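Q:
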Amino acid sequence: MALLENFVLVFVAGLVTALATGLGAVPFLLFDSISDRRNVVLWGLASGIMLSASTFGLVEEGLAEGTPLEIAIGMATGVALVIVAHDVLLDVDIDPRDYEEADFKKLVLILGVLTVHSFPEGVAIGVSFADLGLEGGTRLLGFTVPLLAIFMTVAISIHNVPEGTAISIPLSAMGVANWKLVWWAVFSSLPQPIGAVLAFGFVRYAREFLPYGFGFAAGAMIYLVLTEFVPEALDVGRELPRGGKPELAAGLLVGALVMVPLTFV
Numbered sequence: 000m001a002l003l004e005n006f007v008l009v010f011v012a013g014l015v016t017a018l019a020t021g022l023g024a025v026p027f028l029l030f031d032s033i034s035d036r037r038n039v040v041l042w043g044l045a046s047g048i049m050l051s052a053s054t055f056g057l058v059e060e061g062l063a064e065g066t067p068l069e070i071a072i073g074m075a076t077g078v079a080l081v082i083v084a085h086d087v088l089l090d091v092d093i094d095p096r097d098y099e100e101a102d103f104k105k106l107v108l109i110l111g112v113l114t115v116h117s118f119p120e121g122v123a124i125g126v127s128f129a130d131l132g133l134e135g136g137t138r139l140l141g142f143t144v145p146l147l148a149i150f151m152t153v154a155i156s157i158h159n160v161p162e163g164t165a166i167s168i169p170l171s172a173m174g175v176a177n178w179k180l181v182w183w184a185v186f187s188s189l190p191q192p193i194g195a196v197l198a199f200g201f202v203r204y205a206r207e208f209l210p211y212g213f214g215f216a217a218g219a220m221i222y223l224v225l226t227e228f229v230p231e232a233l234d235v236g237r238e239l240p241r242g243g244k245p246e247l248a249a250g251l252l253v254g255a256l257v258m259v260p261l262t263f264v
């Protein structure tokens with residue numbers, strides 16, 4: 000029973016991050032436009048939190064469980080997966096307007112692509128729960144939850160909000176109804192709870208691979224921040240004074256200042 004409850008909790012954590020993506024589409028229901036400045040700050044905040052959680056959380060936990068070489072191998076594998084996922088997304092042409100009439104084959108293709116894209120984030124959540132129920136965690140909802148798991152769930156949830164906005168902007172321009180934007184934003188991250196459960200099961204019951212798992216998640220997250228989140232923030236803020244760099248830097252700084260002290264608790 001305890002085993003099932005653990006898997007359910009990890010799934011719920013992944014589901015929370017997926018639902019957070021839908022928050023990025025909510026403003027389209029309330030306003031005609033969204034402030035670029037706020038969007039850039041949010042991207043920066045998410046980047047600062049995720050870089051700190053990855054460096055001082057995942058990497059540190061990995062080094063406590065294994066060797067630097069094992070962490071490096073895991074990180075390289077995580078980076079490789081993100082690169083492959085990016086290439087897959089570039090090679091597949093998906094028109095969101097076709098979602099409603101998509102046949103079964105098309106829907107399977109869409110789900111497959113989204114799974115590849117969301118998998119690294121799901122893995123990060125699952126790996127961070129590796130010590131669920133063990134000593135040293137924080138009591139939450141009747142569970143002893145690793146502090147790292149809380150940080151990672153919050154960090155990815157924050158990141159998913161502007162990602163939901165980024166997904167909704169082109170969909171809205173293509174004529175997709177505003178109320179449907181929330182659903183498609185959430186749908187784009189639904190593979191995250193699945194990836195979280197799979198990763199948790201793997202590192203929990205094959206603990207010799209735990210250092211590789213921490214390295215994998217850290218490598219994927221750091222690479223995503225440097226190659227996708229930061230460039231996306233700069234692209235959104237290109238019309239702002241100084242290209243939105245002050246807003247991005249402020250978000251990064253606040254995210255780091257909030258997260259770094261907590262990783263040493």
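For the sequence shown, counting from 1, position 17 maps to 16 in numbering that gives the first Met the number 0; every step adds exactly one. We put the beta carbon where it would ideally sit given N, CA and C, even for glycine. The model shown is predicted, which means the values in this text are computed figures rather than measured ones.
1) Going by C-alpha to C-alpha distance, which of L8, M258 and V257 sits closest to G132?
2) Whole angstroms are fine: how far does the CA of A195 sit from the CA of G13?
3) T20 lies in the beta strand (DSSP E); which residues open and close that run?
4) Tell me which residue opens and which closes the alpha helix (DSSP H) that L131 is part of.
5) Across the stretch 179 to 198 and the stretch 17 to 26, are there enough close Cβ pairs to call them in contact, namely three or more that are closer than 8 angstroms?
6) Using three-state DSSP, classify T143 as helix, strand or coil.
7) For the pair the stretch 116 to 127 and the stretch 213 to 224, tell me if three or more CB-CB distances fall below 8 angstroms.
8) Smallest Cα separation from G125: which of P26, E238, G212 and P67?
9) Any idea what DSSP makes of T137, helix, strand or coil?
10) Less than 8 angstroms separating the beta-carbons of M49 and H158?
11) Please report how far the alpha carbon of H85 lies from the alpha carbon of A198, in whole angstroms.
12) In the DSSP assignment, the alpha helix (DSSP H) including G194 goes from what residue to what residue?
13) Whole angstroms are fine: how far does the CA of E238 sit from the CA of L139?
14) What three-state label does DSSP hand G61 in the structure shown?
15) To the nearest angstrom, report how far apart P210 and T66 are at their CA atoms.
16) Which of helix, strand or coil does DSSP assign to E231?
17) Give the range of the alpha helix (DSSP H) segment to which S46 is assigned.
18) Are G23 and G254 closer than 8 angstroms when you measure CB to CB?
19) Report yes if the C-beta of G242 is less than 7 angstroms from at least one heavy atom of the ligand SAM; otherwise report no.
20) I'd like the list of long-range same chain contacts for D38, defined as Cβ closer than 7 angstroms, with 5 residues on each side in sequence excluded.
21) V259 and S51 - do their beta-carbons sit closer together than 8 angstroms?
22) For the alpha helix (DSSP H) holding A219, just list the boundary residues, first then last.
A: In short, the structure shows the following:
1) L8
2) 6 angstroms
3) Looking at the DSSP string, T20 is not in any beta strand (DSSP E); the run it does join, the alpha helix (DSSP H), is A1 to L22.
4) Neither: L131 is in no alpha helix (DSSP H) and is coded neither H nor E.
5) yes
6) strand
7) yes
8) G212
9) strand
10) yes
11) 21 angstroms
12) P190 to Y204
13) 43 angstroms
14) helix
15) 8 angstroms
16) helix
17) D35 to A52
18) no
19) You won't find the ligand SAM in this model; it holds no ligand whatsoever.
20) According to the sequence shown, residue 38 is Asn rather than Asp. So the qualifying residues of the chain are P161, T164 and V235.
21) yes
22) L209 to L223
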